Amino acid sequence: MNQVLIDGLLLEIERVKADKEFMATLERLVARDKEILDRLAQ
1 MNQVLIDGLL
11 LEIERVKADK
21 EFMATLERLV
31 ARDKEILDRL
41 AQ
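Below, the structure is given as structure tokens:
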């Protein structure tokens with residue numbers, strides 16, 4: 001893979017990880033989805 005592309009992706013990942021509002025939303029959605037999957041598994 002092109003190093004410029006890799007570097008760009010790494011920078012974007014760090015930017016998203018630093019976005020506290022986005023990460024809080026992501027955690028809430030993952031928890032909700034886990035609950036749904038757990039109920040479906042029963």
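Numbering (the UniProt record's numbering), first residue to last: 1 to 42. We put the CB at the ideal spot given by N, CA and C, even for glycine. Computed from a prediction, not measured in an experiment: that's the story for all the values here.
Proximity of residue i and residue j at Cβ, strictly below 9 Å
{"i": "residue 16", "j": "residue 22", "result": "yes"}
beta-carbon residue i near the ligand GTP non-hydrogen atom, thresh 8 Å
{"i": "residue 18", "result": "Ligands in the displayed structure: none, and consequently the ligand GTP is not present."}
Residue i - containing alpha helix (DSSP H), residue span
{"i": "residue 7", "result": "3–18"}
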